Amino acid sequence: AAAGIALTGLACRGLMAAGAAANANWIALGALALLLSALAWPGLKRPGPARHLAAAPAPGRLPPGIGRLALHYGVFGAGYIIPATFLPAMAREIIPDPAVFGWAWPLFGLAAALSCLVAPRVAQARDDKTVWRGAQALMALGMLAVALWHDIAAIIVAALLVGGTFMVITQSGMLVAQRLAGNAAPRAAAVMTSAFAAGQIVGPLLASAAARWGATLPQVLAAGAALLALSAWRLGKISTTGGNAGHNAIGSREPSH
1 AAAGIALTGL ACRGLMAAGA AANANWIALG ALALLLSALA WPGLKRPGPA
51 RHLAAAPAPG RLPPGIGRLA LHYGVFGAGY IIPATFLPAM AREIIPDPAV
101 FGWAWPLFGL AAALSCLVAP RVAQARDDKT VWRGAQALMA LGMLAVALWH
151 DIAAIIVAAL LVGGTFMVIT QSGMLVAQRL AGNAAPRAAA VMTSAFAAGQ
201 IVGPLLASAA ARWGATLPQV LAAGAALLAL SAWRLGKIST TGGNAGHNAI
251 GSREPSH
């Protein structure tokens, strides 16, 4: 996913630098997606190794803490989608040259890709909830930077901090919920995914409503940063002692079975 974001950003930058219109960009990206899908298709049809699955345990009931975790996961979805949507537009306002502002999205994707390599090392000896909270605090810091300073340096900081944390939060948040839920982990994953999707829908709607009420984009970003920071703090109040909820899997060096 992170590599796809970076590749898409580079493709858009090249098309904009060439003077391509928006509809030409969409057609080119659609063709690129079709080509990559065709290349990946043979691998999807290749049969995997035979696996002997043990009988699945009966699904358990969701513990009360899952609802609170899902709420914070939804807040993350709402907070993340705003800078992810508007960061290139803010870069364009500062420097109209596509050869310059077009780097905002590739930088975002590159940070996301690197986070998948760096996070396991940084997360050593830390439980998944702590990783979630720390990454979300960094995301809030990136949003606050671009809200307070209207220059290209702030755009770069936001691209690195938001792009470099959203994959980490996505994984660590899901792991916390699944471990807390135990046998009900599939249900917990469904609840968390639904909450994240709802947040991604609600975030732009709230931003649009705030704009109609006279709020500027930096003000919306500052409010989103405050909400993410508050959520990261409140996460520490949720008990995740059930099952292996405090275990760290992102930074674990043990092979998974």
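Under UniProt numbering, the sequence shown has 4 at position 4, and the numbering climbs by one with no breaks. C-beta: ideal position from N, C-alpha, C; glycine also. Predicted model only: the values in this text are computed from it and were never measured.
Cβ neighbours of L221 within its own chain (closer than 7 Å, five residues either side excluded): I82, P83, M143, V146 and A147.
Apart from sequence neighbours up to five positions away, the residues of its chain that approach H72 with a beta-carbon distance below 6 Å are S231 and L235, ordered along the chain. Around the beta carbon of V168, 16 or more other beta carbons sit within 10 angstroms, so the residue counts as buried. Spanning the alpha carbons of R179 and A24 requires a straight line of approximately 46 Å. The beta carbon of A38 lies closer than 6 Å to none in the same chain, with the five residues before and after it left out. In this structure, the straight-line span from the alpha carbon of A209 to that of G203 is close to 10 Å.
The three-state reading of DSSP puts P96 in coil, since its state is none of H, G, I, E or B. A distance below 8 Å between beta-carbons, with the five flanking residues on each side excluded, links L138 to the following residues of its chain, in chain order: L161, G164 and T165. For T130, the enclosing alpha helix (DSSP H) starts and ends at D128 to L148.
Exposed is the label assigned to Q124, since fewer than 16 other Cβ atoms lie within 10 Å of its Cβ. The shortest C-alpha to C-alpha distance from S172 to any of P64, L69, I95 and L35 is the one to L69.
The Cβ atoms of A159 and L87 sit closer than 8 Å to each other.
Around A211, the same chain offers no residue with a beta carbon nearer than 6 Å, after the five sequence neighbours per side are excluded. Distance from the Cα of D128 is smallest, within the candidate group L228, A78 and V176, for V176. For the set I201, A135, L29 and I156, the Cα lying nearest the Cα of T170 is the one of A135. When rounded, the separation of the alpha-carbon atoms in D151 and I94 is 6 Å.
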